[in-house]
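Working notes, structure below.
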Amino acid sequence: MVKHFLSLASFTQHELSGLIEKAQSFSHQLQKPEKIPSLLQHKIIANVFYEPSTRTRCSFEVAAKRLGAEVINFVPENSSVKKGETVYDTLKTLESLGVESIVFRHSDDHLLDELKSAFHVPFINAGAGKLEHPTQGLLDLLTLYQEFEKLQGLKVAICGDIKHSRVAGSLMVAAKIFGIKIFLCGPESLKPSSQDPLIESADFDSILGEVDAVMMLRIQLERHESLELDAKSYHHQFGMNQRRQKLMQPHAIIMHPGPFNRGIEISDDMVEHPQSRIFKQMHNGVAARMAILDWAINRKDL
Ligand code: CP
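Numbering follows the numbering used here, with no gaps: position 246 of the sequence shown is 1722.
Here it is as structure tokens:
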């Protein structure tokens, strides 16, 4: 059976814990990259990104190369997409060329779900519209697990443009699987509704003293038809800054999937604050994606 990695919802807690453990093991091995076994030698991975990316695309490339694979970086703007080729035909072409996995990002929430049954090559969802970003979800879980040595019972505030955030989407899926309590903060118009008792709306300043982690999100201007953003006012109401950091518990951490807009959702001095794990998240992206590539291509059981 083809092992697509499309949503965290398709995994049990046991399976996701297995992926986190595998990622943790790769994270240790990355300290001596020359000793990492070439588990993907002679394999070719295609990075197919119809939306911009720095972290996800580059960390998949690093992850694949650390495991001995080769990588094709397909750039739609410089391809036969410009001559009218459809997404389906582009992916079929790459499958026909014999790549072993396709890492795919697109603005459409459901495209991979619609296409997957026509393919034998494993797809990895590198960001689907505003719905899910499951590889980011795994690296966020890995970061939380490294920090707290558990996931169940943690309390996490998410603040920002939650409605348009696939990062928040995957974190909320993971929260239900692991029993993480989520507090949705930020502008009311950018909060999704939730019937789940684990996911509730909260006032940002009031909840900061209770949570173990705060996930800051940027306003995704590219997904808004029209939004006038007053950066100064937004930062005052919802930004992470020194005043809010002082409201947090000393053990609590600041997270952000990146890219971040300094001075809007996070002040300059918070990005590399001792309580920030933002660059740790990016670092963990490599180990998490090594675990996912190994699982999808080598068909490892969890
Ligand atoms: N976090 C994240 O998905 O970043 P990129 O858009 O740069 O890949």
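Virtual Cβ for every residue (Gly too), placed ideally from N, Cα, C.
Where residue 1689 falls: helix, strand or coil (DSSP):
strand
Any chance you could list the alpha helix (DSSP H) runs of at least 4 consecutive residues sitting entirely within the segment 1633 to 1708, in chain order?
1642 to 1654 and 1680 to 1683
Have a look at the DSSP bridge pairing and note the partners of residue 1793.
Only positions 1477 to 1778 of the chain appear in the structure, and residue 1793 is not among them; the question remains open.
By Cβ distance, which residues of its chain are closer than 8 angstroms to residue 1750, with the 5 residues on each side in sequence left out?
Cβ neighbours of residue 1750 beyond the five flanking positions: none.
On the three-state DSSP scale, how would you describe residue 1545?
coil
Leaving out five residues on either side along the sequence, give the residues of the same chain with a beta carbon under 7 angstroms from the beta carbon of residue 1538.
1762
Does at least one heavy atom of ligand 1 sit under 7 angstroms from the Cβ of residue 1605?
no
How big is the Cα-Cα spacing for residue 1522 and residue 1588?
15 angstroms
Since residue 1601 and residue 1487 are thought to touch, with beta carbons under 8 angstroms apart, how far apart are those beta carbons, to the nearest angstrom?
Actually they do not touch by this definition, with Cβ atoms about 13 angstroms apart.
Could you tell me which of 1639, 1615, 1682 and 1655 sits nearest to residue 1765, measuring between CA atoms?
1615
Contact set for residue 1705: own chain, Cβ-Cβ below 8 angstroms, skip 5 residues either direction:
1695, 1697 and 1740
Check whether chain C comes within 8 angstroms of residue 1585, counting only Cβ atoms and requiring the distance to be less than that.
Considering every chain present, this structure includes no chain C. It has just one protein chain.
Those residues which DSSP pairs with residue 1599 across a bridge
When DSSP reads this structure, residue 1599 sits in a beta bridge with 1578.
Residue 1728 vs residue 1688 beta-carbon contact at 8 angstroms:
Yes, they are a contact pair.
If residue 1651 and residue 1675 are in contact, beta carbons under 8 angstroms, what's the gap, nearest whole angstrom?
That pair is a contact at about 7 angstroms.
Can you tell me which of the three DSSP states residue 1561 falls into?
Three-state DSSP puts residue 1561 in coil, outside helix and strand.
Any idea what DSSP makes of residue 1773, helix, strand or coil?
helix
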